[in-house]
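Below is one structure, written out as structure tokens; the observations come after it.
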Amino acid sequence: MPDVPGDALELVEIHDRSFQKWSVDRRVYCVPVDEVEEERLGTQHDLVTAQFGSLYIAPVPNPSRVLDCGYGQGNWAVRMAEYFEDSEVHGIDIYPISLPDEPENLELFCDDLNSRLTETYQQNYYDLIHSRFVQSGIKTRRWPTYAKDLARLTRRGGYVQMAEWYLNFQSDSGRLTESHALTQWYTLYQGACQQMNRNPRVGRELRRYLQDAGLQDIHDFCYRVPIGAWSAEPALQEIGRQALENFIPLLESHAIYPFTTCHGWTAEQVQWLRQRAEHEMNDLTLKIYVPLYVAWGRRP
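Counted the way our numbering counts, the sequence shown spans residues 368 to 667.
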């Protein structure tokens with residue numbers, strides 16, 4: 368367990384979901400931290416690992432010092448510590464957790480990624496810095512300095528890798544319209560993000576942030592992750608099944624606070640929209656997919 372202030376562990380119940388009270392009071396991270404979300408984060412880790420074909424893409428064959436920003440349930444950090452037994456793996460997250468079998472080479476810290484990391488963590492230190500799915504917790508104007516902080520924490524020759532969903536669900540068959548629940552969900556989500564000072568399209572800007580941070584040899588890619596087993600390729604069918612398990616609960620976890628707080632919806636209205644969106648995700652004729660943006664670059 369990382370060394371944390373006492374109120375970091377305090378929870379508050381909102382519409383039958385558990386949130387970190389410190390984060391909700393300050394609108395830092397307004398996604399549940401309960402068992403339902405824990406399970407989803409595990410599914411999401413397996414999904415992204417399958418999509419990438421590895422734990423990370425950046426060309427760092429044997430990192431000795433690794434930092435994971437927004438470690439969640441520790442899925443990625445633990446796997447890295449287990450795979451690279453001689454490495455030193457650190458993780459940062461706003462909500463601290465206690466791992467039952469924490470590897471000896473893993474150390475977790477409780478911190479707000481909106482704070483300047485260069486004032487707390489050693490600069491020019493890490494071989495690989497990994498940042499994944501932190502859009503919900505980082506303020507829009509923080510992103511340029513966040514990328515610069517990660518670059519400064521990276522040793523010369525080391526890499527920063529960032530990945531974010533773009534939750535504007537799409538249809539490979541072109542059948543998704545403005546009247547569909549998935550389209551309405553994203554429109555509401557986008558509006559709530561704007562009110563809460565979050566950028567739902569940040570994945571599309573990762574390359575620019577890495578460039579502005581002074582990194583070189585930058586690569587980026589957008590995966591079209593299928594939701595549901597509609598693909599003709601067996602490997603993508605399995606990814607699609609995993610994606611379905613991830614995004615059905617995400618439709619609630621990422622909406623229950625923003626939609627009720629920013630749009631004045633009731634919890635029942637959120638569930639009504641979620642059920643319609645879930646039905647659309649299960650409709651194989653719609654061939655739903657979601658963009659996943661990833662970018663990585665080297666510190667010169």
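In this text, a Cβ means the ideal position worked out from N, Cα and C, and glycines have one as well.
Just so we're clear, the structure is a prediction, and the values are computed from it rather than from any experiment.
Please report the residue range of the alpha helix (DSSP H) in which Q418 lies. 402–419
Spatial neighbours of R394 within its chain, please: C-beta separation below 7 Å, excluding the five flanking residues on both sides. M563
What does the alpha-carbon distance come out to for the pair Y553 and E406? 23 Å
Applying the 10 Å Cβ sphere with the 16-neighbour rule, what's the burial state of D370? Caution is warranted here: a pLDDT of 45 is assigned to D370, below 50, making its placement in the model unreliable, and no coordinate value can be reported.
Under the three-state DSSP convention, the category Y576 falls into: helix
What does A530 pair with, by DSSP beta-bridge criteria? R499, V661
My understanding is that L582 touches V661, with C-beta atoms under 8 Å, so please give their C-beta distance in whole angstroms. No, L582 and V661 are not in contact; Cβ-Cβ is about 14 Å, not under 8 Å.
Collapsed DSSP secondary structure at H646 in the structure displayed: helix
If I measure Cβ to Cβ from T416 and keep anything under 7 Å in the same chain, skipping five residues before and after, which residues do I get? L422
Between the alpha carbons of S598 and G607, how many angstroms are there, rounded? 8 Å
Quick check: the Cα distance between Y513 and Q604, rounded to an integer number of angstroms? 35 Å
Taking contact to mean 3 or more Cβ pairs, one atom from each stretch, closer than 8 Å, check whether the stretch 493–507 and the stretch 563–581 are in contact. yes
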